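Written out below as structure tokens is the structure these notes cover.
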Amino acid sequence: MVIDALRNIKRVLNNKVYLEAYSSTRLSMTMRLSYSTVLCVCWPVVLHVAAQHARPPPIYPFDLASSAVQSPIHDSTLERQLTRIGDVTWASLRGMKQTSPSRELAEMACDILDDVFPGRVYTARDAQYQNEVEFNWSKTAWLQSACIIRPANAVEVAIAMRVIKVSGTRFAIRSGGHNPNAGFASVDGSGILLDLKNLDMINLGRDDILRVGSGQTWERVYHFVQEKEKSVIGGRHGSVGVAGLLLGGGLSFFPSLYGMAIDNVINFEVVLSNSSIVNANSAENPDLYKVLKGGGANFGIVTRFDLETHPRINAQYTVNAYDASDYANILRATARLQEAMEKDNKIGFFLNVVSGFMVAGLLYAEHSDAPPRAFDEFFKLQSLVAPVVPTTNGTVLDLVPILDSVGTTDLPVRRALNAVSTKVDYKLYLKVHESYNELLGSGHGTGNISYTIQAIPSSVVHAGRRHGRNVLGLDSRPQSWWACLIEWFEESATDIAHKRVSGLGDTVRSAARETNNLLRFTFMNDAGASQTVMDNYGPDNRNFLKHTAEKYDPEGVFQKQQNSGFLLG
Ligand SMILES: Cc1cc2nc3c(=O)[nH]c(=O)nc-3n(C[C@H](O)[C@H](O)[C@H](O)COP(=O)(O)OP(=O)(O)OC[C@H]3O[C@@H](n4cnc5c(N)ncnc54)[C@H](O)[C@@H]3O)c2cc1C
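Residue numbers (the working numbering): 35 to 603.
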């Protein structure tokens, strides 16, 4: 017992630690002590705490309740690092969890992590901190967390996870930072932001599988694979994160070809709440594999995605701007093109609608001298103002910067979204657009409000089934995924902006309901924070998600400690 206590004290001296000094009632003041204070003043306290916690619960090997989780990846660095933190520190954190306010707890967890990852934990005292806060795409997500940690690999994520779990601190996970919902990839001073930018490995194996760290963005990924004459299925904007996009399903330029981006993931490397690092694929942890295909941040922190590669996709693209007063003809052409997509899986299409203009992306997954006949109706429209991008034979990589400039501004603004999915129906489109015009004309305008019709062919659903199924619960039919977006400057306009964008979403929903065109599905990647997403995957998928979350995270760390997100609850 005494030897154990002395060992613990040695660990204390090797670390800067925080100890809770217990009074006789165990609920007295909390003391924050540095190395020298411990050495000079507090030997009795150290001895007391060390003796009390000489045999703490095991930190490693892992304490996973369910033996059904297969093959955790054991790593000696993880073991060494966790041991280095010291049992007394763990014990102190556990004690503080009971008594300390959340901000204090978060700051203490940050200090411990600063010891483990020197130079990669940013607090408000660091010059780089504000840049890190402002990394998120939308100003709504610029929250001042207690600290921002940049782990460099899965083992470091596992260590951070352990400190977070033991301390009970709130946390958020950020990869590309493009989700505009406040608190999803951001957290205020009561929590820690785990920023995964440094997980930026990228490697094409001899097996033709692309292994990509969660910190990568799509532009860099497309660059890498194009040089190898390959393609992968991912996002349409370069700076969007690989991780967030995939975990929400992932809509690509040509969904008819290979389905949703998530259907092309062969394996996930995941850090679970108990700091195990596991693989999830069709053979290992297949239930986890399935729920990660659309189930978001409910199960663990994904540190690597292994993606199926395909032969390089040659893209022909035209982006045309039309005068929106011709909306009836433009929307008719839209519905007809969506019908054509059912017969030609090389077509990709979107229609972005802003005040005064409609911008059509006419995409084809093959080079040719002229655009395919399916686009004729769009080329003949009298309302064509100008080609934003004339017909070009290029690649997916060329297309990404073009799309980056369509529909949103680069300025640091606040943003909010609302997602709806409907059947393809010209009359519905007319009705929605007329309501949108009324909204614009109502004179209560705050910010720029727009919507995009994203064309989803029925082959997307079939591709998901071919690839071993996802959890999205999509209807097997051609459909439109509506993304309603508002962008505004002033913080004071936040409430009204949220009301306007959810009002536009409600308009689409009620028009679709009235005409029997509403679909249950809500696309996570375009959804506003107040929308329910996974309830709309259908009861079987919802139950499976919940059951699997409980299996892999029995204490509900991702449900209770994660700051926000589309959580199962
Ligand atoms: C300009 C723009 C273009 C877009 N284009 C597309 C598109 O073409 N197709 C499409 O499908 N979507 C698109 N989106 C939506 C985008 O996919 C989502 O906003 C997505 O959440 C962003 O991912 P991220 O990694 O950048 O986000 P983040 O904001 O970092 O994360 C989003 C969510 O995922 C969680 N998360 C992030 N990393 C991990 C991880 N490693 N493990 C577990 N959870 C994690 C976060 O906690 C958060 O809840 C676009 C968004 C923008 C702003």
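Beta carbons: idealized from backbone N, C-alpha and C, even for Gly.
Keep in mind the model is a prediction, meaning the values are calculated, not measured.
- Would you grab the beta carbon distance between L415 and I364 for me? Rounded to a whole angstrom, and I think it's under 8 Å. Here residue 415 corresponds to residue number 381 of the sequence shown, with the count starting at 1. Here residue 364 corresponds to residue number 330 of the sequence shown, with the count starting at 1. Going by Cβ atoms, the distance from L415 to I364 rounds to 6 Å, so yes, they are a contact pair.
Who does A450 pair with in a DSSP beta bridge?
-> In the sequence shown, residue 450 corresponds to position 416, counting from 1. Per DSSP, I520.
Notebook entry, point to check: Counting only runs that start and end within the region 384 to 464, where is the beta strand (DSSP E) found for 3 or more residues in a row?
Noted result: Runs of the beta strand (DSSP E) inside the region 384 to 464: 391 to 398, 418 to 429 and 448 to 457.
Would you list, in sequence order, the uninterrupted beta strand (DSSP E) runs of no fewer than 3 residues that lie entirely inside the region 223 to 256? 225 to 229, 236 to 238 and 243 to 247
Note down, in chain order, each residue of its chain lying with its Cβ closer than 7 Å to the Cβ of V221, except the 5 sequence neighbours on either side. One-based indexing of the sequence shown puts residue 221 at position 187. Answer for V221: L177, S179, R204, F205, A206, L227 and N597, listed in chain order.
**Request:** Can you have a look at Q162 and say buried or exposed, based on whether 16 or more other CB atoms are within 10 angstroms of its CB?
**Result:** As a working mapping, residue 162 is identified with position 128 in the sequence shown. By the 10 Å Cβ count, Q162 comes out exposed.
How big is the Cα-Cα spacing for I530 and D145? Taking the first residue of the sequence shown as position 1, residue 530 is located at position 496. Taking the first residue of the sequence shown as position 1, residue 145 is located at position 111. Cα to Cα, the separation comes out at about 39 Å.
| Would you say the region 306 to 314 touches the region 270 to 288, given that touching needs at least three Cβ pairs under 8 Å? | no
Report task. Tell me whether E168 sits in a helix, a strand or coil according to DSSP, three-state version. Result -> Taking the sequence shown and counting its residues from 1, one reaches residue 168 at position 134. In the structure shown, E168 sits in coil (DSSP, three-state: anything other than H, G, I, E or B).
Is it the case that the CB of H212 approaches a heavy atom of ligand 1 more closely than 8 Å? If you number the sequence shown from 1, residue 212 lands on position 178. Yes - ligand 1 has a heavy atom lying nearer than 8 Å to the Cβ of H212.
### Message
Please report the distance separating the alpha-carbon of V591 from that of R254.
### Response
On the sequence shown, position 557 is the one that residue 591 refers to. On the sequence shown, position 220 is the one that residue 254 refers to. One C-alpha to the other measures close to 32 Å.
ask   = Would H212 be called buried (16 or more neighbouring beta carbons within 10 Å of its own) or exposed?
value = Numbered from its first residue, the sequence shown carries residue 212 at position 178. With 16 or more Cβ atoms within 10 Å of its Cβ, H212 is classed as buried.
The region 511 to 523 / the region 443 to 458 touching (three or more Cβ pairs under 8 Å) | Taking 8 Å as the limit for Cβ pairs, the verdict is that the region 443 to 458 does touch the region 511 to 523.
Q) Whole-angstrom Cβ separation of T566 and T556, contact assumed at under 8 Å? A) Numbered from its first residue, the sequence shown carries residue 566 at position 532. Numbered from its first residue, the sequence shown carries residue 556 at position 522. About 7 Å separates the two Cβ atoms, so the contact holds.
- Message: On the DSSP bridge list, what partners appear for C144?
- Response: If you number the sequence shown from 1, residue 144 lands on position 110. Bridge partners of C144: none, in fact.
- request: Starting from the C-beta of T443, find all residues in its chain whose C-beta is less than 7 Å away, skip the five residues before and the five after it, and write them out in chain order.
  value: Start at 1 with the first residue of the sequence shown, and residue 443 comes out as number 409. If we look at T443 and ignore the five residues flanking it on each side, its Cβ neighbours are E521.
For A614 and S469, I'd like the C-alpha separation in whole angstroms.
With the chain running from 35 to 603 in the structure shown, residue 614 is simply not present.
task: Taking 8 Å as the threshold, find out whether the region 400 to 407 comes into contact with the region 482 to 500 through three or more Cβ pairs.
output: no
Please indicate yes or no: does the CB of A583 lie closer than 8 Å to some heavy atom of ligand 1? Locating residue 583 in the sequence shown gives position 549, where the first residue counts as 1. No; taking the cut-off as 8 Å, the Cβ of A583 has no heavy atom of ligand 1 nearer than that.
Exercise. Could you tell me if the beta carbon of R270 falls within a distance shorter than 8 Å of some heavy atom in ligand 3?
Key: Only ligand 1 can be found as ligands here, which leaves ligand 3 out of the picture.
Start-to-end residues for the alpha helix (DSSP H) that takes in T111: Within the sequence shown, residue 111 is the residue found at index 77, counting from 1. First-last of the alpha helix (DSSP H) with T111: S110 to I119.
Is W171 near ligand 1, judged by its Cβ being under 8 Å from some heavy atom? For the purposes of this step, residue 171 is taken as the residue at position 137 of the sequence shown. Checking every heavy atom of ligand 1 against the Cβ of W171, one is found closer than 8 Å.
Does K199 pass the burial test, meaning 16 or more other C-beta atoms within 10 Å, or should it be called exposed? Here residue 199 corresponds to residue number 165 of the sequence shown, with the count starting at 1. With 16 or more Cβ atoms within 10 Å of its Cβ, K199 is classed as buried.
Original post:
Once you ignore the five residues that flank G247 on each side, which residues in its own chain have a CB closer than 6 Å to its CB?
Top reply: Looking up residue 247 in the sequence shown gives position 213. Hits under 6 Å: L233, D234, M235 and R338.
(request) Please state if the CB of L322 and the CB of G330 are separated by a distance shorter than 9 Å. (result) Taking the sequence shown and counting its residues from 1, one reaches residue 330 at position 296. Taking the sequence shown and counting its residues from 1, one reaches residue 322 at position 288. Cβ atoms of G330 and L322: not closer than 9 Å.
Proximity of N348 and G428 at Cβ, strictly below 9 Å: As a position in the sequence shown, residue 348 is number 314, starting the count at 1. As a position in the sequence shown, residue 428 is number 394, starting the count at 1. For N348 and G428, yes; Cβs fall inside 9 Å.
- Of the residues P588, V353, P446 and Y361, which one's Cα is nearest the Cα of G382? On the sequence shown, position 348 is the one that residue 382 refers to. Here the closest residue by C-alpha is V353.
* Who are the Cβ neighbours of K131 in its own chain at under 8 Å, not counting the five residues just before and after it? -> Translated into positions along the sequence shown, residue 131 becomes position 97. Counting only Cβ-Cβ distances below 8 Å, and skipping sequence neighbours, we find L139, V200, S201 and G202.
Run through the DSSP bridge pairs and tell me what P345 is partnered with.
Numbered from 1 along the sequence shown, position 311 holds the residue referred to as residue 345. Per DSSP, K264.
**Same chain, Cβ closer than 6 Å to F600, neighbours up to 5 away in sequence not counted** = Taking the first residue of the sequence shown as position 1, residue 600 is located at position 566. Cβ within range, chain order: G330, M558 and V567.
Q. Using DSSP with H/G/I as helix, E/B as strand and the rest coil, what is D321?
A. By one-based count along the sequence shown, residue 321 stands at place 287. Helix, per DSSP.
inquiry  = Quick test of your reading: G32 and L279, contact by CB under 8 Å. State the CB separation rounded to the nearest angstrom.
reply    = With the chain running from 35 to 603 in the structure shown, residue 32 is simply not present.
Which of the three DSSP states is assigned to F151 in this structure? For this step, residue 151 is matched to residue 117 along the sequence shown. Of the three classes helix, strand and coil, the one that applies to F151 here is coil, per DSSP.
inquiry  = For V505, tell me which candidate among D297, L371 and R128 has the shortest Cα-Cα distance.
reply    = Along the sequence shown, read from residue 1 onward, the residue named residue 505 stands at position 471. Nearest C-alpha to V505: D297.
For this session: Might you give, ordered along the chain, the residues of its own chain that have their beta carbon closer than 6 Å to the beta carbon of D242, omitting 5 neighbours on each side?
Result: Indexing the sequence shown from 1 puts residue 242 at position 208. Take D242, set aside five residues on each side of it, and the residues of its chain with a beta-carbon closer than 6 Å to its own are T343, in chain order.
message = So, at 6 Å on beta carbons, what are the nonlocal neighbours of T111 in its own chain, with the 5 sequence-adjacent residues on each side left out?
response = In the sequence shown, counting from the first residue as 1, residue 111 sits at position 77. Closer than 6 Å at the Cβ level, and outside the excluded window around T111, lie V189.
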